[in-house]
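Enquirer:
In my numbering, the protein residues as written are 638 to 825.
1) Tell me the DSSP secondary structure of residue 724 in three-state form.
2) In chain order, which beta strand (DSSP E) runs of at least 3 residues are fully inside the region 761-804?
3) Which class does residue 894 belong to by DSSP, given the choice of helix, strand or coil?
4) Taking the C-alpha atoms as reference points, what is the distance between residue 665 and residue 758?
5) Going by DSSP, name the residue or residues bridged to residue 822.
6) Determine whether the beta carbon atoms of residue 698 and residue 690 lie at a separation below 7 Å.
7) What residue range is occupied by the uninterrupted beta strand (DSSP E) comprising residue 745?
8) Using DSSP with H/G/I as helix, E/B as strand and the rest coil, what is residue 733?
9) Determine the extent of the beta strand (DSSP E) in which residue 754 is found, giving its start and end residues.
10) Which stretch, first to last residue, makes up the beta strand (DSSP E) that contains residue 704?
11) If you drop the 5 nearest sequence neighbours on each side, which residues of the same chain put their C-beta closer than 8 Å to that of residue 594?
12) Going by beta carbon distance, what residues of the same chain come within less than 7 Å of residue 681, once the five residues before and after it are set aside?
13) Within 10 Å of its beta-carbon, does residue 807 have 16 or more other beta-carbons around it, so buried, or fewer, so exposed?
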């Protein structure tokens with residue numbers, strides 16, 4: 638879908654400077670972005686769990702489980718992730734999504750913007766571009782909008798909307814996935 642790409646790129650070039658400007662000129666309610674020192678390795682683990690069940694006129698059940706392990710050392714980043722969404726409506730499967738990921742050699746450019754809404758709630762917008770270093774036509778663009786309201790120090794309520802674009806998808810797959818999520822992230 639080269640036509641779709643040509644339509645998305647001008648929009649991205651208009652949005653990215655706005656996000657970048659918002660990051661470089663923080664207000665009292667925005668956070669400043671800083672790079673980690675090269676010799677300070679960090680590791681984080683996050684998991685999301687969600688369940689929905691309805692009964693009566695409609696019977697729907699949906700389960701989602703996701704986890705992400707990230708280890709950063711200076712400018713190098715190792716990321717491993719896993720996610721499952723499974724759903725049934727009136728006894729028949731209507732959703733079955735499995736996502737597994739481990740970093741491969743690629744370049745990555747990303748921007749994020751965090752807007753603090755109150756002492757513990759915030760809005761987060763991320764945009765990333767991942768070109769394949771071996772096949773230039775194979776690149777991905779990802780965007781996530783999330784609203785997070787912590788319930789305790791380690792538990793929060795999160796609503797998210799993800800858009801994933803793959804310029805060279807596998808045969809019989811579409812170029813764009815859109816995913817709405819809600820869940821309870823637990824951080825360690």
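C-beta: ideal position from N, C-alpha, C; glycine also.
Expert: With the given structure in hand:
1) Shown here, residue 724 sits in a strand according to DSSP, grouped into three states.
2) Entirely contained in the region 761-804, the beta strand (DSSP E) runs reaching 3 residues are, in chain order, 776-787, 793-803.
3) Absent from the model: residue 894. The displayed extent of the chain is 638 to 825, so no value can be given.
4) Residue placement at residue 665 is poorly supported in this model, since its pLDDT is 44, which falls under 50; the coordinates are not used for a value here.
5) For residue 822, which the question treats as bridged, DSSP gives the partners 685.
6) The criterion of a C-beta distance shorter than 7 Å is satisfied by residue 698 and residue 690.
7) Taken as a continuous stretch (DSSP letters only), residue 745 belongs to no beta strand (DSSP E), as it is neither H nor E.
8) Residue state, collapsed to three classes: strand.
9) Where residue 754 is concerned, there is no enclosing beta strand (DSSP E), because DSSP gives it neither an H nor an E.
10) Counting along the chain, residue 704 sits inside the beta strand (DSSP E) bounded by residues 697-710.
11) Any answer about residue 594 is impossible in this case: the structure gives the chain only from 638 up to 825.
12) 707, listed in sequence order.
13) Answer is exposed; the Cβ neighbour count stays below 16.
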